[in-house]
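Notes follow the structure.
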Amino acid sequence: MPTLIENAWKLVFETPWWPDDLSGDILDPEDHDFDYSLLYRKPCQTFISPKGYSVFSCPCRDEEGNPVMPEKLDETYLERKRKNMGPYLYNALYELQPVMEDEVVFQRQWIVHIKKLPFPFVRNLAIDMAGTLSEESSFTGISIGEWDIDGNLNIPYARKYKLTPMRVKDLVIKLIYESEKLKRPIRYIIIEKEKFGIYLADHLKVENVKPQIVLSEIAGKKSRTRFEELVPKYECGMIRSFQGLKDYEAGVRTYYRGKKKE
7 MPTLIENAWK LVFETPWWPD DLSGDILDPE DHDFDYSLLY RKPCQTFISP KGYSVFSCPC
67 RDEEGNPVMP EKLDETYLER KRKNMGPYLY NALYELQPVM EDEVVFQRQW IVHIKKLPFP
127 FVRNLAIDMA GTLSEESSFT GISIGEWDID GNLNIPYARK YKLTPMRVKD LVIKLIYESE
187 KLKRPIRYII IEKEKFGIYL ADHLKVENVK PQIVLSEIAG KKSRTRFEEL VPKYECGMIR
247 SFQGLKDYEA GVRTYYRGKK KE
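Next up, the structure:
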């Protein structure tokens, strides 16, 4: 885009992702007072934000409700995105119209940061495997959580990766070794009991890893129920994490009612 950047001092690219953040709240996330109705079905707008940034805005539909790029964003594509994302995230990303805050299950202020891990503790490693063997699959989520004597869950590590199952195995072994070096050994490896989770568990058993492997069966429990059971613990500050765990915080802060899947 040489025409757009020829005389620019600084370029800012914002990805609208947080539950209360649409295009960085128009690059002004502290005010939260932008009238998003001004953007409704008005593609290709440029304007100056309250903080003085030049903003380019383009929702997925034009003034008549038709896709702005039918060769790429046709009705089938948009319907699939809405079905997969659910109404909350779809409206923010594609329509540029955030929905009500009460759709968010976990509030921003419930994310509590800690600087060091307490003693004594029980350290566990949890893995949610991707659904295919390909490295270009969906994400695999890996996290380390420590339970302390007061019943708090402290999270020093949580990331998502696009890895093959064998590379996930290698990463798990590395995390086991690094935890032992820190004198905070992992006691349990918890893996969802599904096709590739079982595959990973079998390969870890072949490696004779020290932590006990637990296959967790959650197939009979609805995702919404599982997540909303955590609300009291988040609200009371019993789930804490290190600062900078962007994948984890994005997952927590963008979980909303009506979301179909992760």
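The sequence shown begins at 7 in the working numbering and counts up one residue at a time.
In this text, a Cβ means the ideal position worked out from N, Cα and C, and glycines have one as well.
Since we're looking at a predicted model, the values are computed, not measured.
Do three or more CB pairs link the region 148 to 162 to the region 211 to 218 at distances below 8 angstroms? no
Entirely within the region 158 to 219 and at least 4 residues each: give me those alpha helix (DSSP H) ranges in chain order. 171 to 187 and 201 to 212
Consult DSSP for Val118 and reduce its assignment to one of helix, strand or coil. strand
For the candidate residues Val220, Lys252, Leu188 and Phe112, whose alpha-carbon lies nearest to that of Asn232? Reading off the sequence shown, one finds Arg at residue 232, where the question assumed Asn. The shortest C-alpha separation from Arg232 is found at Phe112.
Of the residues Met135, Gly157, Glu101 and Leu102, which one's Cα is nearest the Cα of Leu125? The amino acid occupying residue 125 in the given sequence is Phe; Leu does not appear at that position. The candidate whose alpha carbon is nearest that of Phe125 is Gly157.
One or two residues paired with Arg129 in a DSSP bridge: Glu152 and Ile192
When you compare the CB positions of Lys168 and Gly147, do they come within less than 7 angstroms of one another, or not? no
Do you know how far the Cα of Lys121 is from the Cα of Gly250? 11 angstroms
Which of helix, strand or coil does DSSP assign to Arg232? helix
Contacting residues, own chain, Cβ-Cβ under 6 angstroms from Phe127 (five flanking each side not counted): Glu152 and Asp154
Considering Cα atoms alone, identify which of Val118, Ser63 and Phe145 is closest to Arg47. Ser63
Apply the 10 Å Cβ neighbour rule to Asp80 and answer buried if 16 or more other Cβ atoms are within range, or exposed otherwise. exposed
Beta-carbon within less than 7 angstroms of Arg129's beta-carbon, same chain only, minus the 5 sequence neighbours each way: which residues are those? Ile150, Glu152, Ser185, Arg190, Pro191, Ile192 and Arg193
Mapping the DSSP letters down to three states, classify Gly147 as helix, strand or coil. strand
How big is the Cα-Cα spacing for Ser55 and Phe40? 9 angstroms
Simplified DSSP assignment, three categories, for Val61: strand
So Arg88 is in the alpha helix (DSSP H); what residue range does that whole segment cover? Glu81 to Met91
Determine the closest residue to Glu234 out of Ala98, Tyr261 and Arg246, with distance taken between C-alpha atoms. Tyr261
Within 7 angstroms (strictly less), CB to CB, does Pro104 reach chain B? This model lacks chain B altogether, as it is built from one protein chain only.
Excluding sequence positions up to five away, which residues of its chain have a Cβ less than 7 angstroms from the Cβ of Val74? Pro49, Cys64, Cys66, Arg67 and Asp68
Could you tell me the alpha carbon to alpha carbon distance between Glu101 and Thr52, rounded to whole angstroms? 16 angstroms
Cα-Cα, which of Ser222, Lys87, Tyr240 and Val237 is closest to Lys201? Ser222
Suppose you measure from the CA of Leu177 to the CA of Lys239; what does that come to, to the nearest Å? 29 angstroms
Opposite Phe248 in the DSSP bridges: which residues? Ile120
Residue span of the alpha helix (DSSP H) that contains Tyr240, given as start and end: Val237 to Glu241
Tell me whether Leu10 is buried or exposed, calling it buried when 16 or more other Cβ atoms sit within 10 Å of its Cβ. Residue confidence for Leu10 is low, a pLDDT of 44 falling below 50, so the modelled location carries little weight; the figure read from the coordinates is stated next. That one is exposed.
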